[in-house]
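FYI, this note's numbering numbers position 109 of the sequence shown as 108, with every residue one higher than the one before it. Cβ coordinates follow ideal geometry from the N, Cα and C atoms, glycine included. The model shown is predicted, which means the values in this text are computed figures rather than measured ones. Heads up, the thing below is written out as structure tokens.
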Amino acid sequence: MEVVHKIGRRKTAVARVYVSEGSGNITVNKRNLNDYFTTATLQYKVKQPFTLTETEDNYDVKVNVYGGGITGQAEAVRLALSRAMCEINEENRGVLKPEGLLTRDPRMVERKKFGQKKARKKFQFSKR
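Put into structure tokens, the structure is as follows:
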């Protein structure tokens with residue numbers, strides 16, 4: 000099996016994933032998964048495609064991720080891994096699609112408008 004390259008995005012985070020056969024090592028920005036994503040929730044999100052397809056220790060993964068915050072990066076990695084698992088074996092699609100792991104979350108931060116405090120919040124109005 001050659002290396003499978005896929006891209007995942009979430010908010011402003013972009014993750015490039017390179018999946019090859021191996022022993023289950025996940026490297027994120029040249030650091031171990033547990034060092035980069037320190038909380039158990041984020042580690043679970045990244046490993047979710049492997050858990051659902053029951054291939055936890057079958058593939059080595061190298062990830063380059065940038066932009067956004069730590070949660071957005073974890074979800075971008077999850078989307079990229081889900082896409083890679085579908086390319087490796089088409090039957091994985093039936094497992095991942097009902098869980099919503101193949102859908103790119105379109106929600107982005109709304110821009111701040113001129114003459115307002117934030118995107119929707121206005122400056123306080125007083126009658127004095």
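Could you check if Thr50 is buried or exposed, using at least 16 other CB atoms within 10 Å of its CB as the buried criterion?
On the sequence shown, residue 50 is found 51 positions in, with the first residue counted as 1. With fewer than 16 Cβ atoms within 10 Å of its Cβ, Thr50 is classed as exposed.
In whole angstroms, what separates the C-alpha of Lys5 from that of Lys46?
As a first step, residue 5 is located in the sequence shown; it is residue number 6 there, counting from the start. As a first step, residue 46 is located in the sequence shown; it is residue number 47 there, counting from the start. Taking C-alpha positions only, Lys5 is separated from Lys46 by approximately 16 angstroms.
Measuring CB to CB, does Gly104 end up less than 8 angstroms from Arg9?
Numbered from 1 along the sequence shown, position 105 holds the residue referred to as residue 104. Numbered from 1 along the sequence shown, position 10 holds the residue referred to as residue 9. First, the residue type needs correcting, since residue 104 is Asp and not Gly in the sequence shown. Their beta carbons are under 8 angstroms apart, which means Asp104 touches Arg9 by this criterion.
Can you confirm whether the stretch 12–27 touches the stretch 63–75 when touching is taken to mean that 3 or more C-beta pairs between the two stretches lie within less than 8 angstroms?
In short, these stretches touch, since the Cβ pair count reaches three.
Output the distance between the C-alpha atoms of Gly21 and Lys120, rounded to the nearest integer angstrom.
On the sequence shown, position 22 is the one that residue 21 refers to. On the sequence shown, position 121 is the one that residue 120 refers to. Taking the straight line joining both Cα atoms gives about 51 angstroms.
At which residues does the beta strand (DSSP E) containing Gly7 begin and terminate?
Counted from its first residue, the sequence shown places residue 7 at position 8. Unbroken beta strand (DSSP E) run through Gly7: Val3 to Arg9.
Whole angstroms are fine: how far does the CA of Val76 sit from the CA of Glu86?
Within the sequence shown, residue 86 is the residue found at index 87, counting from 1. Within the sequence shown, residue 76 is the residue found at index 77, counting from 1. Approximately 15 angstroms between the Cα atoms of the pair.
Return the CA-CA distance between Leu101 and Thr52, expressed in angstroms with no decimal places.
As a first step, residue 101 must be located in the sequence shown, where it is residue number 102. As a first step, residue 52 must be located in the sequence shown, where it is residue number 53. Leu101 and Thr52: Cα-Cα distance of roughly 13 angstroms.
Between the alpha carbons of Gln42 and Lys126, how many angstroms are there, rounded?
In the sequence shown, counting from the first residue as 1, residue 42 sits at position 43. In the sequence shown, counting from the first residue as 1, residue 126 sits at position 127. Each residue's Cα considered, the two are about 52 angstroms apart.
Is Lys96 near Ala73, with beta carbons less than 8 angstroms apart?
To locate residue 96, count along the sequence shown from 1; it is residue 97. To locate residue 73, count along the sequence shown from 1; it is residue 74. No. Outside cutoff.
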